[in-house]
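Enquirer:
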Amino acid sequence: MNIEQLKGIGPKNQLIFNKMDIYTVEDLINYFPYKYLFICFKELKNLEDNESAFVKALILTPPKVYYIRRNFNYLSFMVKISEFEVNVKIFNRAFMQNNLKVGREIVLVGKYDKIKNSFLASDIRFNLENNKIEPKYHLVSGLKENFLVKAIDTILTSKINFNDYVPNEYNEKYNLISKKEALNYIHKPNNTEEIKKAKLKLIYEEFFNYTFKINALKLKNKKVLGIKRNIDQDKVDSFLSELPFKLTTDQLQTITEIIKDLNGEERMNRLVLGDVGSGKTIVAIVSILANYLSGYEAAFMAPTEILAKQHYETIKGYLNNLNIVLLTGHLKKKEKLQIYDQIKEGKIDLVIGTHALINDNVIFKKLGLVIIDEQHLFGVKQRNALQEKGEIKPDVLYLSATPIPRSYALCLYGDLDLSMIKTKPNKRKEVKTIIKTEKEIKDCLYKMLEEIKLGHQVFVVSPLINDEEEKNEINSVVKLKEKLELAFQNKIEIAIIHGKMKQNEKDQIMEDFLNKKIKILISTTVIEVGIDIPNATMMVIFNAERFGLAALHQLRGRVGRNDLQSYCYLISNQDNKRLKVMEESNDGFYISEKDFEQRGQGDLFGVRQSGDIIFKIASIQNDSKILLQASKDSMDYLVNHKYKNNSYYEKILEEINFLD
Ligand code: ADP
Ligand code: MG
Numbered sequence: 011m012n013i014e015q016l017k018g019i020g021p022k023n024q025l026i027f028n029k030m031d032i033y034t035v036e037d038l039i040n041y042f043p044y045k046y047l048f049i050c051f052k053e054l055k056n057l058e059d060n061e062s063a064f065v066k067a068l069i070l071t072p073p074k075v076y077y078i079r080r081n082f083n084y085l086s087f088m089v090k091i092s093e094f095e096v097n098v099k100i101f102n103r104a105f106m107q108n109n110l111k112v113g114r115e116i117v118l119v120g121k122y123d124k125i126k127n128s129f130l131a132s133d134i135r136f137n138l139e140n141n142k143i144e145p146k147y148h149l150v151s152g153l154k155e156n157f158l159v160k161a162i163d164t165i166l167t168s169k170i171n172f173n174d175y176v177p178n179e180y181n182e183k184y185n186l187i188s189k190k191e192a193l194n195y196i197h198k199p200n201n202t203e204e205i206k207k208a209k210l211k212l213i214y215e216e217f218f219n220y221t222f223k224i225n226a227l228k229l230k231n232k233k234v235l236g237i238k239r240n241i242d243q244d245k246v247d248s249f250l251s252e253l254p255f256k257l258t259t260d261q262l263q264t265i266t267e268i269i270k271d272l273n274g275e276e277r278m279n280r281l282v283l284g285d286v287g288s289g290k291t292i293v294a295i296v297s298i299l300a301n302y303l304s305g306y307e308a309a310f311m312a313p314t315e316i317l318a319k320q321h322y323e324t325i326k327g328y329l330n331n332l333n334i335v336l337l338t339g340h341l342k343k344k345e346k347l348q349i350y351d352q353i354k355e356g357k358i359d360l361v362i363g364t365h366a367l368i369n370d371n372v373i374f375k376k377l378g379l380v381i382i383d384e385q386h387l388f389g390v391k392q393r394n395a396l397q398e399k400g401e402i403k404p405d406v407l408y409l410s411a412t413p414i415p416r417s418y419a420l421c422l423y424g425d426l427d428l429s430m431i432k433t434k435p436n437k438r439k440e441v442k443t444i445i446k447t448e449k450e451i452k453d454c455l456y457k458m459l460e461e462i463k464l465g466h467q468v469f470v471v472s473p474l475i476n477d478e479e480e481k482n483e484i485n486s487v488v489k490l491k492e493k494l495e496l497a498f499q500n501k502i503e504i505a506i507i508h509g510k511m512k513q514n515e516k517d518q519i520m521e522d523f524l525n526k527k528i529k530i531l532i533s534t535t536v537i538e539v540g541i542d543i544p545n546a547t548m549m550v551i552f553n554a555e556r557f558g559l560a561a562l563h564q565l566r567g568r569v570g571r572n573d574l575q576s577y578c579y580l581i582s583n584q585d586n587k588r589l590k591v592m593e594e595s596n597d598g599f600y601i602s603e604k605d606f607e608q609r610g611q612g613d614l615f616g617v618r619q620s621g622d623i624i625f626k627i628a629s630i631q632n633d634s635k636i637l638l639q640a641s642k643d644s645m646d647y648l649v650n651h652k653y654k655n656n657s658y659y660e661k662i663l664e665e666i667n668f669l670d
């Protein structure tokens, strides 16, 4: 039912509601209060100084209006509160003057100043009942609170019924109240208990509904039959035992999960979430080996040439029995054609490359495994294109260095299986992180010099390429180069790299940096991507307040990739609570939790657009327990076909072609 059919809503109000994304009566009833006002009258003598309170008062003198300047006035008058006579002041309510008649009983909302014997009111209310709970809604211009409350009340007192999306068995299991009660309590609660019950119901309902869909997608993915294999575990084990280091528990667990997926008949669709430096590459290598042992080819796609090349060198070292090629846009045409031929003939066991792998000429003979590194940097299309190569559907493994809380991952990537590598190889030293203001920049320059004298290298990061975009307060890449050359009297090799440069220019500079020809590399965040420069022991980030915690953490992960002590200087003139988190910890999962707390789920870690998941009442952050439970339940509901006879959920499954 559209809202214009609701009594009392005309075309003008309809437009206002539409602006708020409210089109139907159901939308309106699901427009929930963002907070509640607990009305409880207080006695003046019981009030603390400047405590906010509701106080009953009797008007003693006619209010006088004082105009301070345009659009700024205040009213002043005397009232009686119990046996006390008190002066009242309230700003910008000149329009109330005529309503405030001597002898009228009112309720003052505001603070009492004991010394001045004066009450500074933020609001004056008439006919306000004691011990009531008042819902507060976000309003937009043109929409009066009274009107909204009345419209909602009209719906609540009507005969309209709203679907309860929680299947009965879960309503019973958790003693959830009915949908009708929940809507009544959330909009018109009599006590806090009712609010609690209503919230539990509505939050669970929202999560159940959401996770049902995402779980259905996951199951649908799983229906795709994969390759059935029989991997020789002894050979895998002997490979593991010959590694130069001991794998962490999480690495081993992840490898076990992957091998189980590979052996199983369902297609693998797994995401490995692990912080920078947690050792995801070796996990990928073991997967490639297992795939090879069962007689299949693999493709490994990285987001940049440099990274692809680095993986190529690393993996060749570990898997020297395999025929491995590097395929990037860089190669000459002849070389490419040669590689295409070899792949087509099935002579290649592993192709490592950039999105050049997606090229139509790349045709595999027996592609069994696709690995996508730093998956969040590829578009969905690119990721999928690689999976469509070859007759059979290959298993797919995604790697991501964006650590996020499990509850959040569940919402974002609920359609994938998830492995988390939380622990890091312990030989690593934590990167020491230090916040400095620009005035203290000398400390930082000395430290840079010290590190360079030790033969190490330094990353410098700025949020901007040059100054045109914004004025002075930002140190752009270009400006920083000038400043640093001046500071070091042109005696140190400094170069810049940024996103607007051509790919081959960038590659050349990274090459020179890797070969230590360049000592200080100034960049924008292009170096965020997982490149390994073990000799870089210091990073200086200017205007650090401009970056999100996620970005700072990713950036900082570029140093400390060896057993030397590394440093990260965050330069900022602002006192910034967020930056302190960086000083506190090197743990990406911890930092993401903090980011989550401080900024909410909105633009968390920039993983996907914030608009992707918006809940009306549930919060991934505060209600994560309910989320995990609802997800479990909706999975059970699906797997055990309990959705049959529930037309709402059956329809959802039809829409995603789940049932055929
Ligand atoms: P990322 O997860 O960021 O991709 P890498 O896989 O590149 O991390 O690993 C970073 C470094 O840590 C590599 O040099 C790798 O050889 C090393 N490494 C990986 N696992 C371990 C381990 N269990 N113990 C010690 N070093 C390890
Ligand atoms: Mg990596």
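The opening position of the sequence shown corresponds to residue 11 in this note's numbering, with each subsequent residue numbered one higher.
Just so you know, even glycine gets a beta-carbon here, dropped at the ideal spot from N, CA and C.
Predicted model, so just to flag it, every value in this text is computed and none were measured.
Do Lys403 and Gln277 have their beta-carbon atoms positioned less than 8 Å apart in this structure?
Expert: Reading the sequence as shown, one finds Arg at residue 277 and not Gln. For Arg277 and Lys403, yes; Cβs fall inside 8 Å.
Enquirer: For His508, does the count of other Cβ atoms within 10 angstroms reach 16, so buried, or fall short, so exposed?
Expert: With 16 or more other Cβ atoms within 10 Å, it is buried.
Enquirer: Would you kindly work out how many angstroms separate the C-alpha atoms of Pro145 and Ile187, rounded to a whole number?
Expert: Rounded to whole angstroms, Pro145 to Ile187 spans 20 Å at the Cα level.
Enquirer: Quick one, which of Ile368, Asn369, Glu345, Ile373 has its alpha-carbon nearest Glu355's?
Expert: Ranking the options by Cα distance to Glu355, first place goes to Ile373.
Enquirer: Count the CB pairs spanning the stretch 431-444 and the stretch 274-290 that are closer than 8 Å, and state whether there are at least three.
Expert: Touching, yes.
Enquirer: By the 10 Å Cβ neighbour count, where 16 or more other Cβ atoms means buried, how is Pro415 classified, buried or exposed?
Expert: Buried, by the Cβ-count rule.
Enquirer: Can you name, in chain order, every residue of its own chain whose Cβ lies under 6 Å from the Cβ of Asn28, other than the five neighbours on each side?
Expert: Contacts found: none.
Enquirer: Run the CB neighbour count on Ile268, radius 10 Å, all protein chains shown included, and call it buried at 16 or more, exposed below.
Expert: Looking at its Cβ environment, which holds 16 or more other Cβ atoms inside 10 Å, Ile268 is buried.
Enquirer: Please confirm if the stretch 156-164 is in contact with the stretch 44-56, defined as three or more CB-CB distances below 8 Å between the two stretches.
Expert: Taking 8 Å as the limit for Cβ pairs, the verdict is that the stretch 44-56 does not touch the stretch 156-164.
Enquirer: Measure the C-alpha to C-alpha separation of Asp613 and Cys421 and round it to an integer number of angstroms.
Expert: Because the pLDDT of Asp613 is 43, which lies under 50, any placement of that residue in the model is unreliable, and the question is left without a value.
Enquirer: Comparing the CB of Ile504 with every heavy atom of ligand 1, is any distance shorter than 7 Å?
Expert: Not so, every heavy atom of ligand 1 lies at least 7 Å from the Cβ.
Enquirer: Which two residues bound the contiguous alpha helix (DSSP H) that contains Phe157?
Expert: Its alpha helix (DSSP H) spans residues 155-167.
Enquirer: Express the C-alpha separation of Phe217 and Ile636 in angstroms, rounding to a whole number.
Expert: Roughly 8 Å separates the two Cα atoms.
Enquirer: Among residues of its own chain, excluding the 5 on either side of Phe87, which ones have a beta-carbon nearer than 6 Å to its beta-carbon?
Expert: Only Thr71, Pro73, Val98 meet the Cβ criterion.
Enquirer: Under three-state DSSP, which class holds Phe615?
Expert: Note that Phe615 scores a pLDDT of 41, beneath 50, so its modelled location is shaky; the value from the coordinates is reported in the next line. Correct three-state label for Phe615: helix.
Enquirer: Restricting to Cα atoms, I'd like to know which of Phe82, Ile69, Lys652, Asn140 is closest to Lys111.
Expert: When only C-alpha atoms are compared, the closest one is Ile69.
Enquirer: Identify, in the order they occur along the chain, each residue of the same chain with its Cβ nearer than 7 Å to the Cβ of Ile265, setting aside the five sequence neighbours on each side.
Expert: Within the same chain, Ile265 has close Cβ partners Val293, Val296.
Enquirer: With a threshold of 7 Å on Cβ separation, who are the neighbours of Tyr350 within its own chain once the five nearest residues in sequence on each side are excluded?
Expert: So the list reads Asn371, Val372, once near-sequence residues are dropped.
Enquirer: So is the beta-carbon of Leu565 under 7 Å away from any non-hydrogen atom of ligand 1?
Expert: No, the Cβ of Leu565 stays beyond 7 Å of every heavy atom of ligand 1.
Enquirer: Straight-line CA distance for Asp260 to Ala411?
Expert: Cα-Cα distance, rounded: 15 Å.
Enquirer: So, helix, strand or coil for Phe255, using DSSP?
Expert: If DSSP states are grouped into helix, strand and coil, Phe255 belongs with coil.
Enquirer: Is it true that the stretch 444-463 meets the stretch 595-610, where meeting means three or more beta-carbon pairs spaced less than 8 Å apart?
Expert: Short answer: they don't touch.
Enquirer: Give the DSSP bridge partners of Ala640, in chain order.
Expert: Answer by DSSP bridge pairing: none, since Ala640 is not bridged.
Enquirer: What is the rounded straight-line gap between the Cα of Val617 and the Cα of Gly274?
Expert: For Val617, the pLDDT reaches just 41, beneath the cut-off of 50, and the residue's location in the model is therefore unreliable, although a value from the coordinates is still provided. Cα to Cα, the separation comes out at about 30 Å.
Enquirer: When you compare the CB positions of Ile581 and Ala561, do they come within less than 8 Å of one another, or not?
Expert: Cβ distance not < 8 Å, so Ile581 and Ala561 don't count as in contact.
Enquirer: Once DSSP output is grouped into helix, strand and coil, what is the label at Lys442?
Expert: If DSSP states are grouped into helix, strand and coil, Lys442 belongs with the strands.
Enquirer: I'd like to know if the stretch 127-141 and the stretch 90-110 are in contact, where contact means that at least 3 CB-CB pairs between them fall below 8 Å.
Expert: The stretch 127-141 vs the stretch 90-110: in contact.
Enquirer: With 16 other CB atoms within 10 Å as the buried threshold, where does Gly289 fall?
Expert: Result: buried.
Enquirer: Residue range of the alpha helix (DSSP H) that Tyr418 falls in?
Expert: Where Tyr418 is concerned, the enclosing alpha helix (DSSP H) stretches over 416-422.
Enquirer: Starting from Thr430, trace the alpha helix (DSSP H) in both directions and tell me its first and last residue.
Expert: Before going on, a small fix: residue 430 reads as Met here, not Thr. First-last for Met430: 427-431, but that is the beta strand (DSSP E), not the alpha helix (DSSP H).
Enquirer: Indicate the three-state DSSP secondary structure (helix, strand or coil) for Pro145 in the structure shown.
Expert: In the structure shown, Pro145 sits in a strand (DSSP, three-state: E or B).
Enquirer: Which of the three DSSP states is assigned to Ser620 in this structure?
Expert: Because Ser620 carries a pLDDT of 35, less than 50, the predicted location of this residue cannot be relied on, and no value is offered for it.
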